[in-house]
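> Protein chains in written order, with my numbering: chain A, 1 to 333; chain B, 334 to 666; chain C, 667 to 999; chain D, 1000 to 1332. Don't be surprised by glycine CBs; every beta carbon is placed ideally from N, CA and C. Nothing here was measured: the structure is a model prediction, and the numbers come from that model. Shown below is the structure under consideration.
4 protein chains.
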Amino acid sequence: MNVAIIGYGYWGPNLVRNFMTAPGCQVSYVFDTSQKALDKVTKSYPEIAITQDLNEILKDSATDAVAIATPVGTHFELAKKALEQGKHVLLEKPMTAKLSEANELIRIADSLGLTLMVDHTYLYTESVLKMQQLIESGDIGNIQYIDSTRINLGLFQRDVNVLWDLAPHDISICMYLMQEAPIGVQATGVSHTGSTLANIAYLNLFYPNNKIAHFNCSWVSPVKIRQMLIGGDKKMILFNDLETTEKLRIYDKGYSILPDTDRERILIDYRIGDITIPKIGQGEALSAMVLDFKNAIENKTSPRSNSYIGKEVVRILEAAEKSILNKGQYMEL
Amino acid sequence: MNVAIIGYGYWGPNLVRNFMTAPGCQVSYVFDTSQKALDKVTKSYPEIAITQDLNEILKDSATDAVAIATPVGTHFELAKKALEQGKHVLLEKPMTAKLSEANELIRIADSLGLTLMVDHTYLYTESVLKMQQLIESGDIGNIQYIDSTRINLGLFQRDVNVLWDLAPHDISICMYLMQEAPIGVQATGVSHTGSTLANIAYLNLFYPNNKIAHFNCSWVSPVKIRQMLIGGDKKMILFNDLETTEKLRIYDKGYSILPDTDRERILIDYRIGDITIPKIGQGEALSAMVLDFKNAIENKTSPRSNSYIGKEVVRILEAAEKSILNKGQYMEL
Amino acid sequence: MNVAIIGYGYWGPNLVRNFMTAPGCQVSYVFDTSQKALDKVTKSYPEIAITQDLNEILKDSATDAVAIATPVGTHFELAKKALEQGKHVLLEKPMTAKLSEANELIRIADSLGLTLMVDHTYLYTESVLKMQQLIESGDIGNIQYIDSTRINLGLFQRDVNVLWDLAPHDISICMYLMQEAPIGVQATGVSHTGSTLANIAYLNLFYPNNKIAHFNCSWVSPVKIRQMLIGGDKKMILFNDLETTEKLRIYDKGYSILPDTDRERILIDYRIGDITIPKIGQGEALSAMVLDFKNAIENKTSPRSNSYIGKEVVRILEAAEKSILNKGQYMEL
Amino acid sequence: MNVAIIGYGYWGPNLVRNFMTAPGCQVSYVFDTSQKALDKVTKSYPEIAITQDLNEILKDSATDAVAIATPVGTHFELAKKALEQGKHVLLEKPMTAKLSEANELIRIADSLGLTLMVDHTYLYTESVLKMQQLIESGDIGNIQYIDSTRINLGLFQRDVNVLWDLAPHDISICMYLMQEAPIGVQATGVSHTGSTLANIAYLNLFYPNNKIAHFNCSWVSPVKIRQMLIGGDKKMILFNDLETTEKLRIYDKGYSILPDTDRERILIDYRIGDITIPKIGQGEALSAMVLDFKNAIENKTSPRSNSYIGKEVVRILEAAEKSILNKGQYMEL
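Laid out in structure tokens, this is it:
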């Protein structure tokens, strides 16, 4: 499978490296508008063709797929062109800048029978996979809430608010673990730069049956926290991504609501048991993502990080931004 | 000063113990409707008079003040009676069940020249005092945000939601440190018990100049977290109340927004310096609170945890509850 | 059972409180040489007889047992007198100041059929009990090493070195978990006060089959550490006594030495599995110790913290002190 | 400066990479006995000459220096040959397998005016440099003890005990910070593999004026700990090398021994102040080491990680091994 990498900035080199080492894959081209970026490609990989002309890549019938790692504002145009030339497309997250664009790309890909995938790399980490397995096995019970904190003293993005920057990770995990879409969004945030782009934001997703997901995102925290609580009605999980070997803690801890027909009160039975820190494998997420992309193309299957998840992330971010600008108004999805 | 303690349940014994050891104070009565509770008083303090008749206390001209530690629903009636009999009043938090009740009590106390105080004990901890001093000294700069997490597997209250139970601590700290009142409230929450009382809730307070305070409260977290971030534009503080000797961490960490007249972009200058963990004294908060109450009465001064803070906490909780029931609607204060 | 408490300083009040609440026990006397100490007894427990005359207690045939909580230098004389008057004896740790004294007390108690017990309270903590159960069940396999760190900025004792102060806890745990006595002792230490009493000391216990126990004790550490590693050949335990709810961590982690007949090298197979943090009960250790003392007297059984463990702790401390003064010379036991 | 790298196993590639990027340096040759290793060199650095013939390197007058990263048993022969051919030598730690070999190499280097240096990389970390600066500035006062723990579930070495593997790091740091050599060594250890090579070992270094350094090294700990306490009489430092951004904590904590001429007792005054976590730079240690080597050659100065430190590390390890095999006998240095 011949893959062309579009964009060789921050993430492009990681894609090149992983596609180069994936069995059955090769990187045929790297495209970038900057000659300086392309020179770096040649220095590291003299065998890869470089170009500033996208058509060269798209017209080449040997090109099977493109992986697009450019600023989000350019995703739609680039992906559309590539799909229309019959190329499978991998898009960096977030998928597009607007929901309508995501819908349009999905429509085109579907009509042409092409694979359209979004690189939500987190879905390929061993930690997330383990959580999904625990949930699927029934060990955790029904998920009642997800509570995520992703804060640090981070780089302010100039074109998007902090949710567009940080929340796609957690929203995609949430989509994958919850296995259902939220029915409403509500978000608040503030900007300390004089712009309308919040640098602190709090996002809530509402689900049927009183499930809720909460996301605390900030570029202005002195401490770095990457933490997610998944509360099931049987067990609960704490996912701390900053831990090196103890990323997951499974708490046999919870409560049950007891039937109490006689009186008008809530009886609750608390339960505190052992904590387990499962051993997690060390596989590289990006490498697994690349293989899933290849596999999806070859077998015409839906990859784990599929365009539906990608689109829902954009839908949520778009609604969240609107909610922030409207003082936290509830947005039905 | 003769103080009568009204209510000898969970908190009452702490009040008795602290008023008994405060110089110049004595506990003249303990009132409770339960004889069993009163028997406990007699066992520990044979010298204290016990009664199930409130009037006995209020009619006794030797009673200078009453401290009320009963369920919040009874605060208003009890405090009103006591004030009307010319007694100074200390109320446990939250002050009252409704804002209108708090306003009415303040009106009565003011008209009679009596001290009306609310026991937000946290304001008397050495940690909060240290933070207030750091802010007052200018070291922290302007506060830009407060972000608080107070979660654990806690007892479900039957008559109030999780905010009424847990948030008064953090809201009172916020009032004390911010030195200004919020202009809007927005909150969301869910209940997993079938009632309307949220057991997970997220509260946002909005201030002038894009300041924000966020409170994450939950009774259903497997881990106990008691943490507050205070972000100033010079330094930032992390207050971790579960630490025994290292409750505060002061980060010389932040960013400045640089003037950039020529271009339409935000230039930000990051700064990472040392972290300081200041030594904090070991004084008991409740004992300091009791002394502040006595001092406020004697000198007719406003105590640190005054009725204004108490009232604002109720105002916020009342608005937050309404917001939760209205899908996170913004409530102007 | 009537118990007299000898010594009402730091630990005596805890003994009084626990014997008072133990079913079937009552404290008949408290002895102390200080009238001030005795006044405190009367204030808290008006019903307990106080005395400065030990004979009053020992001559009283209603006295079944005495609990001795005086400085270690006085243990031998007091316990000897009490035993000779037919009283069962509970001694605070360390049992005596010299091994010969411990042996003499054991000889007397045995000859008179009396219970002689040492209060190594740690053996009654839920953490230590849980470890013992894990070891007894075979889950941990054969213990290969114990490595203990007990350091902080502590009070310098004036008459004993840091090992006599801090190590009895860990040595008694070691005796209890290992279920065999060490065959040799080696220790080093330094004093920074000009005396011969080490304020930092390192103690090694040697066991058959290359087992080892290491104890790091210090009064001059800026951080407080109370940590013990127990390495079995199946699993390993980390006991962190400063944790409130997560005191034990059980690591399914280890290695096996593989047979390698052909070549002259060691083949080792590493194993890394889950970590479990078991739920530990909240029972008060001292209360369980008091019941064990009562039970041992009534049923003429050997208590968990028996005089053999008490004596071995003294033997080890005595040998360790000698080793320190002889530049770490190995002392056969 | 032309440098030849001898040995391209675990550490060799790091040396090549750092010498290649050091200004004014180039790697002229890589030597290894394995063709497979040399092929890797060519793949990454086609411009570097490879050889299995050491003489080719040593005979080449363009070779200024060699860096030796082979097993310690071969260090002496290789370094001797290189020095005798007039080449400056950088040796990986530990310097040699025997003290006599280290002495001989130093003698040769001195007589020929050549630089002989040992790569104790830790001395070039920003953490160690910061500690040295704190000590030199007088902030810490006189060092009274160093207490180091370096344990984890590690690879058993087949030819050396755990001290030869792990302790060189800490001993070199100790030498650098203490600025004086120990006068005695004492060590104990056990082997669980049936060999004489201890896999757990405890090493004590004795210094004049009752200073002590203690090293706890183990290949069989379930938890990884890399921690060093440096106790000064003014302040104390905790160096936790597993922390990513908070490696050092400086405690304004300690005690003073008060004069007490009248009575025979020790009066001690405790002091507990703030804790500071200084910001530490992010410079790569190995790169700084390479520059120090180059600088030492050019300016005929003694590098930070000089042959004296290298030799003392070997002297201590040799004495420690002897002490272990003699039940912890004290070894004068």
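With 16 as the cutoff for other CB atoms within 10 Å, does A/Thr301 come out buried or exposed?
Indexing the first sequence from 1 puts residue 301 of chain A at position 301. So A/Thr301 counts as exposed.
> Would the beta-carbon of C/Leu869 fall within 8 Å of that of C/Ala833?
Here residue 869 of chain C refers to the residue found at position 203 when the third sequence is read from its first residue. Here residue 833 of chain C refers to the residue found at position 167 when the third sequence is read from its first residue. Yes; because the gap between Cβ atoms is below 8 Å, this pair is in contact.
> For B/Lys660, does the three-state DSSP call read helix, strand or coil?
Translated into positions along the second sequence, residue 660 of chain B becomes position 327. In the structure shown, B/Lys660 sits in coil (DSSP, three-state: anything other than H, G, I, E or B).
> Taking all protein chains shown into account, do 16 or more other C-beta atoms lie within 10 angstroms of the C-beta of C/Asp719, making it buried, or fewer, making it exposed?
The count along the third sequence starts at 1 and reaches residue 719 of chain C at position 53. Exposed, by the Cβ-count rule.
> Can you tell me whether DSSP reads B/Arg302 as helix, strand or coil?
Look at the range of chain B in this structure, 334 to 666, and you will see that residue 302 of chain B is not part of it.
> Does any CB atom of chain A fall closer than 8 Å to the CB of C/Ile941?
Locating residue 941 of chain C in the third sequence gives position 275, where the first residue counts as 1. Yes, contact with chain A.
> Would C/Lys945 count as contacting chain A if we go by Cβ distances under 8 Å?
By 1-based counting over the third sequence, the position of residue 945 of chain C is 279. So yes, C/Lys945 belongs to the interface.
> Alpha helix (DSSP H) containing A/Lys294: first to last residue?
Counting from one through the first sequence, the residue named residue 294 of chain A turns up at place 294. That run of the alpha helix (DSSP H) goes Ala285 to Asn299.
> Note the first and the last residue of the continuous beta strand (DSSP E) segment covering C/Gly807.
For the purposes of this step, residue 807 of chain C is taken as residue 141 along the third sequence, with counting starting at 1. That residue, C/Gly807, is in no beta strand (DSSP E); it is neither H nor E in DSSP.
> Which residues in the same chain as D/Leu1316 place their Cβ atom closer than 8 Å to its Cβ, once the five residues preceding and following it in sequence are excluded?
Within the fourth sequence, residue 1316 of chain D is the residue found at index 317, counting from 1. The residues are Pro1093, Leu1162, Trp1163, Ala1166, Pro1167 and Ile1170.
> Counting beta carbon pairs with one atom in the stretch 910–923 of chain C and one in the stretch 768–783 of chain C, are three or more of them shorter than 8 Å?
With the cut-off at 8 Å, the stretch 768–783 of chain C and the stretch 910–923 of chain C do not touch.
> Using a Cβ cut-off of 8 Å (strictly closer), state whether D/Pro1119 contacts chain C.
Locating residue 1119 of chain D in the fourth sequence gives position 120, counting from the first residue. The sequence as given places His at residue 1119 of chain D; Pro does not occur at that position. No, no contact with chain C.
> Under a three-way DSSP split, which group does D/Thr1073 fall into?
Residue mapping note: residue 1073 of chain D aligns to position 74 of the fourth sequence, counting from 1. Of the three classes helix, strand and coil, the one that applies to D/Thr1073 here is helix, per DSSP.
> Is it true that the CB of A/Asp233 sits closer than 8 Å to the CB of A/Gln144?
Along the first sequence, one-based indexing puts residue 144 of chain A at 144. Along the first sequence, one-based indexing puts residue 233 of chain A at 233. Yes, the Cβ-Cβ distance between A/Gln144 and A/Asp233 is below 8 Å.
> Measuring alpha carbon to alpha carbon, tell me which residue in C/Arg981, C/Glu998 and C/Asn961 is nearest C/Met783.
Counting from one through the third sequence, the residue named residue 783 of chain C turns up at place 117. From the listed residues C/Arg981, C/Glu998 and C/Asn961, the smallest Cα separation to C/Met783 is found for C/Asn961.
> Output yes or no for whether 8 Å exceeds the beta carbon distance between A/Thr149 and A/Asn210.
Taking the first sequence and counting its residues from 1, the one referred to as residue 149 of chain A is at position 149. Taking the first sequence and counting its residues from 1, the one referred to as residue 210 of chain A is at position 210. No. Outside cutoff.
> Just curious, the beta strand (DSSP E) that D/Phe1030 is in, first and last residue?
Here residue 1030 of chain D refers to the residue found at position 31 when the fourth sequence is read from its first residue. Segment Gln1025 to Phe1030, the beta strand (DSSP E) holding D/Phe1030.
> Have a look at B/Ala621 and B/His453 and give me their C-alpha separation to the nearest angstrom.
Counting from one through the second sequence, the residue named residue 621 of chain B turns up at place 288. Counting from one through the second sequence, the residue named residue 453 of chain B turns up at place 120. When rounded, the distance between both Cα atoms is 11 Å.
> If you count every other CB in all the chains shown that lies within 10 Å of the CB of A/Tyr270, and 16 or more means buried, which is it?
As a working note, residue 270 of chain A is residue 270 in the first sequence. The residue in question, A/Tyr270, is exposed, as its Cβ has fewer than 16 Cβ neighbours within 10 Å.
> Considering only the alpha carbon of each residue, which of C/Met844, C/His741, C/Thr687 and C/Asn818 lies closest to C/Trp885?
Mapped onto the third sequence, residue 885 of chain C falls at position 219. Of C/Met844, C/His741, C/Thr687 and C/Asn818, the residue nearest in Cα terms is C/Asn818.
> Ordered along the chain, which non-local residues of its own chain (more than five positions away) have a Cβ less than 6 Å from that of B/Asp480?
Walking along the second sequence from the start, residue 480 of chain B turns up at place 147. The beta carbon of B/Asp480 sits closer than 6 Å to the beta carbons of His547 and Leu562 from its chain, once the five residues preceding and following it are set aside; these are given in chain order.
> Quick one: does D/Gly1327 have its CB under 8 Å from some CB of chain C?
Looking up residue 1327 of chain D in the fourth sequence gives position 328. So, interface residue.
> Going along the chain, which residues of the stretch 1223–1248 of chain D sit with their C-beta nearer than 7 Å to a C-beta in chain C?
Closer than 7 Å at the C-beta level to chain C, one finds these residues of the stretch 1223–1248 of chain D: Leu1228, Gly1230, Met1235 and Leu1237.
> Exposed or buried, A/Ala62, counting other C-beta atoms within 10 Å across all chains shown (16 or more means buried)?
As a working note, residue 62 of chain A is residue 62 in the first sequence. Burial call: exposed.
> Taking C/Leu724 as the reference, give the member of C/Ala735, C/Ile672 and C/Glu758 with the closest Cα.
Your numbering for residue 724 of chain C matches position 58 in the third sequence. Closest option to C/Leu724, Cα to Cα, is C/Ile672.
> Beta-carbon of B/Ile605 versus every beta-carbon of chain D: anything under 8 Å?
On the second sequence, residue 605 of chain B is found 272 positions in, with the first residue counted as 1. Yes, because at least one Cβ of chain D sits closer than 8 Å to the Cβ of B/Ile605.
> Going straight from the alpha carbon of D/Thr1114 to that of D/His1087, what length do you get?
What you label residue 1114 of chain D is simply residue 115 of the fourth sequence in a count that begins at 1. What you label residue 1087 of chain D is simply residue 88 of the fourth sequence in a count that begins at 1. The alpha-carbon atoms of D/Thr1114 and D/His1087 are separated by roughly 5 Å.
> Find the nearest neighbour of D/Ser1322 within the set D/Arg1303, D/Glu1283, D/Leu1196 and D/Lys1234, judged by alpha-carbon distance.
If you number the fourth sequence from 1, residue 1322 of chain D lands on position 323. Taking only the C-alpha atoms, the option nearest D/Ser1322 is D/Leu1196.
> Could you give the residue range of the alpha helix (DSSP H) that holds D/Asp1268?
Numbered from its first residue, the fourth sequence carries residue 1268 of chain D at position 269. D/Asp1268 -> not in any alpha helix (DSSP H); beta strand (DSSP E) instead, spanning Leu1266 to Ile1276.
> State the Cα-Cα distance for the pair B/Thr526 and B/Leu348, rounded to the nearest angstrom.
On the second sequence, position 193 is the one that residue 526 of chain B refers to. On the second sequence, position 15 is the one that residue 348 of chain B refers to. Between the alpha carbons of B/Thr526 and B/Leu348 lies a distance of about 33 Å.
> DSSP beta-bridge partners for A/Leu90?
Residue mapping note: residue 90 of chain A aligns to position 90 of the first sequence, counting from 1. Per DSSP, A/Ala67 and A/Met117.
> Can you tell me where the beta strand (DSSP E) holding A/Ser218 begins and where it ends?
Mapped onto the first sequence, residue 218 of chain A falls at position 218. Looking at the DSSP string, the run of the beta strand (DSSP E) that includes A/Ser218 is Ile212 to Ser218.
> Using DSSP with H/G/I as helix, E/B as strand and the rest coil, what is C/Met1000?
It is not possible to answer for residue 1000 of chain C, since the shown part of chain C is limited to 667 through 999.
> Below 8 Å on the Cβ atoms is my guess for A/Ser336 versus A/Asn55; work out the distance and round it to an integer in Å.
Given that chain A is displayed from residue 1 to residue 333, the structure contains no residue 336 of chain A and the question cannot be resolved.
> Span of the alpha helix (DSSP H) holding D/Asn1160?
For the purposes of this step, residue 1160 of chain D is taken as the residue at position 161 of the fourth sequence. Premise fails: D/Asn1160 is in no alpha helix (DSSP H) and is neither H nor E.
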